[in-house]
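See structure below.
Protein chains: 2
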Amino acid sequence: MAEALTGEAILAATEEVLRRYGPAKATVVDVAKALGVSHGSVYRHFPTKAALREAVTRRWLDAIHAEMESVLDPQASAGDNLRAWLQHLFDRKRLSHSDEPELFATFKVLVSESTIIPDYHLGHLVGQITRIIQAGVDTHEFVTDDVRTTAQAVWDATQVFHHPAHAQEWGNPHIQDAFDAVVSLVVAGLRYNRIPSATGDA
Amino acid sequence: MAEALTGEAILAATEEVLRRYGPAKATVVDVAKALGVSHGSVYRHFPTKAALREAVTRRWLDAIHAEMESVLDPQASAGDNLRAWLQHLFDRKRLSHSDEPELFATFKVLVSESTIIPDYHLGHLVGQITRIIQAGVDTHEFVTDDVRTTAQAVWDATQVFHHPAHAQEWGNPHIQDAFDAVVSLVVAGLRYNRIPSATGDA
DNA sequence: GGACTGACAGATATTGAAATCTGTCAGTCC
DNA sequence: GGACTGACAGATTTCAATATCTGTCAGTCC
Chain A
0 MAEALTGEAI LAATEEVLRR YGPAKATVVD VAKALGVSHG SVYRHFPTKA ALREAVTRRW
60 LDAIHAEMES VLDPQASAGD NLRAWLQHLF DRKRLSHSDE PELFATFKVL VSESTIIPDY
120 HLGHLVGQIT RIIQAGVDTH EFVTDDVRTT AQAVWDATQV FHHPAHAQEW GNPHIQDAFD
180 AVVSLVVAGL RYNRIPSATG DA
Chain B
0 MAEALTGEAI LAATEEVLRR YGPAKATVVD VAKALGVSHG SVYRHFPTKA ALREAVTRRW
60 LDAIHAEMES VLDPQASAGD NLRAWLQHLF DRKRLSHSDE PELFATFKVL VSESTIIPDY
120 HLGHLVGQIT RIIQAGVDTH EFVTDDVRTT AQAVWDATQV FHHPAHAQEW GNPHIQDAFD
180 AVVSLVVAGL RYNRIPSATG DA
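From first to last, the protein sequence lines stand for chains A and B. Quick note on numbering that gives the first Met the number 0: the first sequence kicks off at 0 and runs consecutively. Quick note on numbering that gives the first Met the number 0: the second sequence kicks off at 0 and runs consecutively.
Written out as structure tokens, the structure reads:
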């Protein structure tokens with residue numbers, strides 16, 4: 000009858016069902032209904048409901064990763080790049096939270112229920128920060144013993160501005176000031192930062 | 000018959016009931032039963048169940064505040080004081096989370112269900128950080144335009160190590176390294192940090 | 001013959017009736 | 001007369017019956 004059922008079509012339908020019903024109520028039966036097929040057919044493309052949800056989540060995160068990649072400007076200083084990158088991530092998350100709260104909550108649940116997805120997301124974004132900092136070290140704008148560890152520290156220090164657990168604080172009218180203060184502190188720290196090693200030397 | 004029923008006795012009994020039953024199951028009737036009185040008597044001392052819970056929480060937080068105060072060493076440098084203070088807060092929360100997970104979860108719920116308690120706790124601890132940083136500014140160890148804002152930034156940047164939403168990450172074997180990296184970055188930043196003002200001047 | 005269906009077993013979620021809890025207050029007891 | 005009791009109304013929670021969902025697979029249909 001209609002075109003063959005593809006994984007892509009199932010992902011799109013799943014996203015729509017998640018958007019409409021939310022993560023708690025969206026069922027595989029709903030997805031099948033939306034596609035006009037039996038739910039058994041969905042299991043022909045995805046082994047479990049969890050795998051289906053994970054595939055949708057990964058697709059969504061990949062879009063963010065690509066978008067973040069595009070923020071970087073090879074001409075700009077590392078400090079400016081880092082600030083712009085963090086600002087863009089914060090704006091992206093904050094807007095998503097305020098403008099489409101249900102979708103934001105949906106992906107918050109989807110990300111938290113997987114064990115590998117958070118590592119995937121974190122690894123990718125910390126990798127981008129690592130590259131920004133490495134560029135800064137190359138031009139002697141930044142100083143650090145261990146770029147990777149420092150990148151993780153930048154990520155950790157800015158958790159309040161991207162971790163969904165802190166989303167309610169993003170509505171605070173002074174949140175941009177708080178963001179600027181943290182980023183200034185972090186960027187100032189990158190200009191001369193040594194991580195204490197086990198062999199001594201504070 | 001027995002001694003008169005005091006607010007203090009009710010608070011102690013409430014803490015015990017919370018410890019035993021958890022925040023979801025602990026009832027005012029349980030507290031009254033533990034004290035051998037009718038639950039109406041409890042309402043003679045606390046207007047609502049919420050007020051009772053809040054009083055217990057405040058007592059618990061006040062103990063932490065006093066303990067944190069005692070960490071400060073007037074002889075030490077501001078950097079060392081800040082590092083020790085943050086380390087102590089982190090250790091305190093991490094130990095509480097691993098050694099008495101139910102009690103930790105209980106107070107996490109109690110703190111989150113109040114509107115004024117989190118502000119109270121945050122205001123007090125950021126106040127302590129403010130004093131540490133001010134001492135550093137006085138000795139020219141630290142540089143900052145706005146001590147209070149910078150103190151808030153230090154608090155925000157270290158949220159991963161004290162906000163209960165991140166408690167699950169505290170079990171990670173490398174968490175102390177992550178802590179050291181963030182604190183080093185922050186302390187390095189304090190040595191020269193200017194918060195961008197609305198009038199320009201990056 | 002390979003994509004799809006639909007009935008099925010066990011697991012999970014929903015529902016509403018019954019039980020418990022919160023907060024009040026007239027009354028008891030020293 | 002002031003601290004305490006206990007019965008009460010309305011709100012919330014519990015629990016078990018009922019319905020729905022997940023994942024499987026033998027069978028259907030182009």
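Don't be surprised by glycine CBs; every beta carbon is placed ideally from N, CA and C. Small disclaimer: the values here were computed from a predicted structure and weren't measured.
- Judged by DSSP secondary structure, E99 (chain A) falls outside any alpha helix (DSSP H); it is assigned neither H nor E.
- F178 (chain A) carries a helical assignment under DSSP once its states are collapsed to helix, strand and coil.
- A distance below 8 Å between beta-carbons, with the five flanking residues on each side excluded, links W84 (chain A) to the following residues of its chain, in chain order: M67, V70, L71, Q127, I128, I131.
- In the displayed model, D79 (chain B) falls within a helix according to three-state DSSP.
- The beta carbon of A33 (chain B) does not come within 8 Å of any beta carbon belonging to chain A, so the residue lies off that interface.
- By the neighbour-count criterion, in which a residue is buried when 16 or more other Cβ atoms sit within 10 angstroms of its Cβ, K92 (chain B) is buried.
- For V136 (chain A), there are no neighbours in chain B by C-beta distance under 9 Å, as the nearest C-beta there is about 14 Å away.
- Under the three-state reduction of DSSP output, E53 (chain A) falls in the helix class.
- Residue burial annotation: G35 (chain B) is exposed, with fewer than 16 other C-beta atoms found within 10 angstroms of its C-beta.
- When C-beta atoms of the region 23–34 of chain B are compared with those of the region 176–189 of chain A, fewer than three pairs fall below 8 Å, so the two segments do not count as touching.
- Residues are counted here when their Cβ sits less than 9 Å from a Cβ of chain B; for the region 64–76 of chain A the count is zero.
- Across the structure, V146 (chain A) and R18 (chain B) are spaced so that their CA atoms are roughly 44 Å apart.
- Here the C-alpha atom of L60 (chain B) lies approximately 24 Å from the C-alpha atom of Q175 (chain B).
- Between the alpha carbons of L109 (chain B) and R52 (chain B) lies a gap of roughly 7 Å.
- Flagged as an interface residue toward chain A: Q158 (chain B), by a C-beta distance shorter than 8 Å.
- For E15 (chain A), the closest alpha carbon among the candidates A:T47, A:F106, A:D90 is that of A:F106.
- Our two residues, A177 (chain B) and H161 (chain A), have alpha carbons roughly 18 Å apart in a direct line.
- The three-state reading of DSSP puts S113 (chain B) in coil, since its state is none of H, G, I, E or B.
- Straight-line measurement puts the Cα of E7 (chain B) at about 17 Å from the Cα of G39 (chain B).
- Pairing V153 (chain B) with R190 (chain B) gives a Cβ-Cβ distance that is not under 8 Å.
- In the three-state scheme derived from DSSP, where H, G and I count as helix and E and B as strand, L10 (chain A) is classed as helix.
- If you check each beta-carbon in the region 167–186 of chain B against every beta-carbon of chain A, the ones closer than 8 Å belong to D176, A177, D179, A180, V181, S183, L184, V185, V186.
- The Cβ neighbour count for T148 (chain B), taken over all protein chains shown within 10 Å, is at least 16; the residue is labelled buried.
- Here DSSP, grouped into helix, strand and coil, assigns D145 (chain A) to coil.
- The C-alpha of V125 (chain B) is placed about 19 Å away from the C-alpha of R58 (chain B).
- For N80 (chain B), the nearest beta carbon of chain A is not closer than 8 Å to its own beta carbon.
- Taking 8 Å as the CB threshold, Y119 (chain B) stays off the interface with chain A.
- Around V55 (chain B), the same chain offers L10, T13, E14 as residues with beta carbons nearer than 6 Å, after the five sequence neighbours per side are excluded.
- Contact between W169 (chain B) and H96 (chain B) holds: CB atoms are separated by about 6 Å, below the 8 Å threshold.
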